[in-house]
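Visitor:
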Amino acid sequence: MLNPTTDPSVTTSLAEAIQSLLPALEDFMRFEDQDLAASQYPEWSTSLNEPLPERGRGAETTLRILKDMVIPHGLRTGAPGFAGWVTTMPTVVPVAAAFSASIAGAQRYWLQTFNYLERLALEWLKELLGLPVSYQGTFSSGGSTANLIALAAARQWACEQRGLDPSRDGLETLVKPRLYASDQVHHVVGRAAGVLGLGRSALISLPTDDALRLDVGALRDQLRRDKTDGCTPIAVIASAGTVNTGAIDPIGDILEVCRKEQVWLHVDGAYGGFAILDPEVAPLMHDLVEADSLAVDPHKWLAVPLGCGATFVRDRALLGRALTMEPAEYLEGSASQDETIGSQFDGLGYTFHDFNLEQSARSRGVTVWAALNEIGTEGIRSRVTLHNSFALHLAELVEASPVLELLAPVTLSICCFRYVPTDLQGANGNTETLNNLNREILMRLHREHHHIPSSTKINGQLAIRPCYINPRTTLSDVDGLAEAVERIGKETWAHSAAAD
Ligand SMILES: Cc1ncc(COP(=O)(O)O)c(C=O)c1O
């Protein structure tokens, strides 16, 4: 029978524990090994698949498993050739900041440096993006939540215009709510519509132009039709960097429509928001600062540890009304009543819970502060400009190649292309054959470990889709991908022709 007098876990000797893991982490970050997660899957999954221990296995064993089994089989999104989805491994200093926060800033409240930096990082982001200082910012877990928070504000605003308070009373009397976005918008927006009680089918998917940007004429027509039908427009969502191709919707024109029709404009800049710093791209994005709300994702291009998105909303009080938790005795009641601060626990510090979906949360701002403090606006500008230039460079290689085909214009750091063998060019090209061939090339790229893009479909055609946001990628990785696709394409096509 247990009769504990002290906690059974280790609460001291941090340096020893971390130092025991550091060599494995440093090894991992050299990316010299092959993809051990795949090749050794049977071994490590069997070994980790232990029953819940009744008696703990102890600190030493737990750290040893982390060192020998878990870390070496982790996810290699930081490998220089990785360019899949819109994700990467964080850089070192923000990781160190996140680690520090998990020790010394283990909650977002109270009078403490990490809480202070939460607010300062939001102010810095506004300055970086050129947003007015009056906008209310808030950190959350990523692009999904950042968009959800923005659309909660949009819902509140649209309903308040009609004398309703959805956050207090629900949506019972809301008539046919509608959200508008292009057919390229990220699927998290549809989910947000579902979570907010508007319904995924409230999201009207509008066509795009040749460059895969929202067709503003179609938006105008749809709004007019819906007005006649008695619908309630909640928001238009413009993408500042679609996840498929990096296309930037014509934000200025959309803004004009929104102002005329009195509809909320939200910009999803989760991927591309920071590209406003690239002088070549800035003209496409400068109207973004007029949006009613904006989502950006520091855990993408800013390369901070995963779990960090940010929302900015024009009207602080409105965001508060949309997400208020209502004051609670156990929370606000613990703060000093006469505003004297004699202890860090006397005040809640910079409070977030009324602008967010979370009460307790890790300190995210410190990671953003660390990234910006380390390399400054200039560093982020040079990162996004370099990555955008990678995609343009790849597009040039593609256009110069007799067997590669560009499938979408390059706007940001994504380049969508495919391999087309000479005998499948022009009228001989069958979409299904080309899709299968390019899927096979993609799988081989993944398996050969050096160049790892992901894919998407553009008008039904499978595209190999590198997205450059990885700070460890260099130009030689970009050249290497084009060469690898040509080489693997040739081999795969020759192999399938021989098999026929
Ligand atoms: C444009 C866009 N919006 C939203 C998201 C969702 O962000 P997250 O994966 O951080 O939830 C992404 C992710 O790639 C994105 O590219």
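Under my numbering, residues 2 to 501 are what the sequence shown spells out, in order.
All C-beta atoms in this analysis are idealised placements derived from N, C-alpha and C, irrespective of residue type, glycine included.
1) With DSSP run on the structure shown, which of helix, strand or coil describes D36?
2) Which residues in the same chain as C259 place their Cβ atom closer than 6 Å to its Cβ, once the five residues preceding and following it in sequence are excluded?
3) Since P201 and G191 are thought to touch, with beta carbons under 8 Å apart, how far apart are those beta carbons, to the nearest angstrom?
4) Taking all protein chains shown into account, do 16 or more other C-beta atoms lie within 10 angstroms of the C-beta of I19, making it buried, or fewer, making it exposed?
5) If you pair each beta-carbon of the segment 364-375 with each one of the segment 124-136, do three or more pairs fall below 8 Å?
6) Among all the DSSP beta bridges, which residues are the ones paired with Q462?
7) Check for me: the beta strand (DSSP E) holding L266 runs from which residue to which?
8) Quick check on the burial criterion: 16 or more other C-beta atoms within 10 angstroms. Buried or exposed for M444?
9) Considering just the uninterrupted stretch of the alpha helix (DSSP H) at V297, what are its terminal residues?
10) So is A401 buried or exposed if we call it buried at 16+ other beta carbons inside 10 Å?
11) Smallest Cα separation from V290: which of C309, T7 and L256?
12) Assuming the contact rule is C-beta atoms closer than 8 Å, C416 and V399 should be a hit. Round their C-beta distance to whole Å, please.
13) Would the beta-carbon of A144 fall within 8 Å of that of G310?
14) Counting only runs that start and end within the segment 27-89, where is the alpha helix (DSSP H) found for 4 or more residues in a row?
15) Applying the criterion that 16 or more other CB atoms from any shown protein chain within 10 Å of the CB defines a buried residue, is H188 buried or exposed?
16) Where does P178 sit, in a helix, a strand or coil, going by DSSP?
17) Can you give me the start and stop residues for the alpha helix (DSSP H) that F313 sits inside?
18) Looking at N357: is its Cβ nearer than 8 Å to the Cβ of I205?
19) For a minimum of 3 consecutive residues, which ranges assigned as the beta strand (DSSP E) are wholly contained in the segment 143-187?
20) For T78, which residues from the same chain have a beta carbon less than 6 Å from its beta carbon, with the 5 sequence-adjacent residues on both sides left out?
21) Could you name the residues of the same chain whose beta carbon sits closer than 6 Å to that of I489, not counting the 5 residues immediately before and after it, in chain order?
22) Would you kindly work out how many angstroms separate the C-alpha atoms of P328 and A39, rounded to a whole number?
23) What would DSSP say about R317, mapped onto helix, strand or coil?
24) Could you pull the start and end residues of the beta strand (DSSP E) that G138 belongs to?
25) Residues in its own chain within less than 6 Å of N245 by CB, not counting five upstream and five downstream?
26) Can you give the Cα-Cα distance for R473 and A80, rounded to whole angstroms?
27) Going by the CB atoms, is the gap between D298 and A271 shorter than 8 Å?
28) Is it true that the segment 216-228 meets the segment 161-170, where meeting means three or more beta-carbon pairs spaced less than 8 Å apart?
29) Here's a check: name, in chain order, each residue in its chain whose Cβ is nearer than 6 Å to the Cβ of P73, leaving out the five neighbours to either side.
30) Hey, Q462 and L407 are a contact pair by Cβ (cut 8 Å); roughly how many whole angstroms apart?
31) Since E406 sits in a beta bridge, which residues does DSSP pair it with?
32) Excluding five sequence neighbours on each side, which residues of the same chain lie with their C-beta closer than 8 Å to the C-beta of W524?
33) I'd like to confirm something about N357: is its beta-carbon nearer than 7 Å to some heavy atom of ligand 1, or not?
34) Flag N148 as yes when its Cβ comes closer than 7 Å to any non-hydrogen atom of ligand 1, and as no otherwise.
35) Give a single yes or no on whether W302 has its beta carbon closer than 7 Å to a heavy atom of ligand 1.
36) What did DSSP end up calling V237 once you bin it into helix, strand or coil?
Guide: Based on what the coordinates show:
1) coil
2) V237 and L266
3) Note on identity: in this sequence residue 201 is Arg, with Pro being the wrong assignment. Contact flag correct, Cβ pair sits at about 5 Å.
4) exposed
5) yes
6) I459
7) W265 to G270
8) exposed
9) Careful: V297 lies outside any alpha helix (DSSP H), inside the beta strand (DSSP E) at S294 to V297.
10) exposed
11) L256
12) 7 Å
13) Contrary to the premise, residue 144 reads as Gly rather than Ala in this sequence. Yes. Within cutoff.
14) 37-40, 42-49 and 60-66
15) exposed
16) strand
17) No alpha helix (DSSP H) holds F313; the beta strand (DSSP E) holding it covers G310 to V314.
18) no
19) 178-183
20) T88, T89 and M90
21) I442 and R445
22) 50 Å
23) helix
24) Q137 to S141
25) Q185 and T457
26) 7 Å
27) yes
28) no
29) L37
30) Rounded, the Cβ-Cβ distance is 11 Å, inconsistent with contact.
31) R419
32) Past the edges of the chain, shown from 2 to 501, lies residue 524, and the structure says nothing about it.
33) no
34) yes
35) no
36) strand
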